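If you count the sequence shown from 1, position 372 lands on 372 in UniProt numbering, and the numbers rise without skipping. All C-beta atoms in this analysis are idealised placements derived from N, C-alpha and C, irrespective of residue type, glycine included. The model shown is predicted, which means the values in this text are computed figures rather than measured ones. These notes concern the structure reproduced below.
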Amino acid sequence: MTKVAIYTRVSTLEQANEGYSIEGQEKRLKSYCEINDWDKYELFVDAGKSAGSTDRAGLQNLISRLDEFDLILVYKLDRLTRSVRDLMSLLDIFEKHNVKFRSATEVFDTTSAIGKLFITLVGAMAEWERSTIAERTSQGRKMSAEKGNYTAPVPFYYDKIDGKLYPNENRKVVEYMAERVKAGVSLRAVAVELNNSKYRPPQSDSWNKSKVKDILVAPVTRGHTQISDVFIENSHEPIISQSDYEVIVSTISTRKHSRGLKHTSVFRGLLSCHQCGQRLTLAITKRKKKNGEVFQYSHYSCARCKADKSARSVNVIFSEVEHAFLNYIKHSDLEAYEDKPTEKPNESIIDVEKIKQQRKKYQQAWAKDLMSDEEFEELIKETDELLDQHNKQLIAEKKKETNSDQIKTARNLILKGWSNMSDEDKETMLSSTISKIEYNFIEGGGVGSKRKPNAIEITKMKFKF
């Protein structure tokens, strides 16, 4: 007695079609079994599933139980699959288990070579039909996009209203990413910062550098729509400007090309571009000489000016920065940081002993009932304020002396130990003592071996003391 496995499938879009509904297929296939006197059959169903893949629960269950059946019955071949490759694979599996395959509406005979060829041809037609549908769908999306409608998945930082995109409150997440990367912060570090904030990525528990990068470089973030090969500029309000995008891409590229080259940015965060104010970042570049020898050099540059074609590139090699720094430390007498001699104006203005004597007189007069409680409290309050002002001035003067001493100590340490410090030690010392370095940029010139590199002349340093 023939045991039949009835397989039915319908995609989401086909469910409204009575001819392809699960109920419609089951009714016709059961009738087909009755006509052929096949009393033993079992249903395997995949509702709302595409034929583009064989990874379907109902089909996989059927395959796992092939040894229990003699025949697989479908309403049409495309209910099983629309892929020629998948069809041939399934037919091989059926044959290995001695299971025949039949369509209720098409004439197939898998026991003969001609029958298999015919099935292959029909399968090819089904795959062509599927490809055509996909192509038409894609073309429809393109045409809709060209008319100004956004047809791609909507990013979480936009809302779609009447087919158009409008930035929502999540735009501040993207703006934060952009500002941090522009400041030289790595994508990984930005992801860590976001994971410690209240903002979470859609459909995920955590941020990573890939998600951050994808958002920053996506055309939609810059106000453009891209559907396959269709690119529509300025289709909606951007969150990242084109100029910021170029800076971001340049910064990411700089970090990428210097990855794997272990280095420390000694003057990290201390130098800003003299043209635009962007912080200079350190990169390591490899070059090859004419003799084939490869060498590398470190240099500080401005990513924003590099991305701006209308601006002059700002670039200075590390050795020139270091030379300017040591030259300033060595020859500066630190007059700007030393205490200026004064004539002790505080003592001439506030005489502490006189205030104390005055307070004593107030107390005696109050004790003899020569003044009211209110008068006594007011006069004592005045002396308290004078004493408090005097103490603050003393503290400020003491702080000046302390700051001056710390600056002198830092300078002496740098001059004596700089050549023996590692780059990590140099960076640690400078980051703990200096907040900013101001300089004049000196552009180099010439060609070949006579070319002078760009240089800087440090004019001022701001200490953290």
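Query: Those runs of the beta strand (DSSP E) which lie wholly inside the stretch 56–105 and span at least 3 residues; Result: 71–74 and 100–103
Query: Inter-stretch contact (C-beta, 8 Å, three-pair minimum) for the stretch 232–247 and the stretch 408–422; Result: no
Query: Anticipated Cβ contact below 8 Å, Tyr328 with Met461, distance rounded; Result: 7 Å
Query: Distance between beta carbons of Thr433 and Lys464, contact taken as under 8 Å; Result: 6 Å
Query: Spatial neighbours of residue 521 in its chain, beta-carbon cut-off 7 Å, leaving aside the 5 residues before and after; Result: This structure gives no information on residue 521, because the portion of the chain shown stretches from 1 to 465.
Query: Cβ neighbours of Gly58 in the same chain (closer than 6 Å, five flanking residues each side left out); Result: Phe44, Val45 and Asp46
Query: Residue environment, Pro155, which counts as buried when at least 16 other CB atoms sit within 10 Å; Result: buried
Query: Leu66 vs His97 beta-carbon contact at 7 Å; Result: yes
Query: With 16 other Cβ atoms within 10 Å as the buried cut-off, status of Ser235; Result: buried
Query: Contact under 7 Å by Cβ, Lys49 with Arg85; Result: no
Query: Sequence ranges, beta strand (DSSP E) only - wholly within the UniProt domain "Recombinase" (155–259), length at least 3; Result: 158–161, 164–167, 225–227 and 230–232
Query: C-alpha gap between His274 and Phe441, whole angstroms; Result: 7 Å
Query: Bridge partner(s) assigned by DSSP for Thr383; Result: Bridge partners of Thr383: none, in fact.
Query: Residues bridged to Asp46 [DSSP beta-bridge criterion]; Result: Arg9
Query: Cα-Cα separation, residue 468 to Ser265; Result: This structure does not reach residue 468, given that the chain is present from 1 up to 465, and the question cannot be answered.
Query: For Ala51 and Asp92, believed in contact at Cβ under 8 Å, the rounded distance; Result: The pair is not a contact, with the Cβ atoms about 18 Å apart (cut-off 8 Å).
Query: Ile215 burial status per 10 Å Cβ neighbour count (16 or more: buried); Result: buried
Query: Rounded straight-line distance, which links the Cα of Gln278 to that of Ile458; Result: 17 Å
Query: Local conformation of His299 per DSSP, three classes; Result: strand
Query: Range covered by the beta strand (DSSP E) that runs through Leu282; Result: Thr281 to Lys288
Query: Proximity to Lys288 [Cα-Cα], best of Phe376, Tyr297 and Leu282; Result: Tyr297
Query: Nearest-angstrom Cβ-Cβ length linking Ala324 and Tyr439, presumed shorter than 8 Å; Result: 7 Å
Query: Opposing strand residues paired with Tyr41 [DSSP bridges]; Result: Val4
Query: Cβ shell of Met371 (< 6 Å), same chain only, five flanking positions each side left out; Result: Ala365
Query: Residues bridged to Gly445 (per DSSP); Result: Lys452
Query: CB contact flag (His224, Glu233, <7 Å); Result: yes
Query: Strand pairing of Phe463, partner residues [DSSP]; Result: Ile434
Query: Alpha-carbon to alpha-carbon, Ile239 and Thr221; Result: 6 Å
Query: Presumed contact (8 Å Cβ cut-off) between Phe267 and Ile437, rounded CB distance; Result: 7 Å
Query: C-alpha distance - Ser210 paired with Phe94, whole-angstrom precision; Result: 43 Å
Query: Inter-residue Cα distance where the pair is Val212 and Leu165; Result: 20 Å
Query: Whole-angstrom C-beta distance between Lys40 and Val4, which should lie under 8 Å; Result: 7 Å
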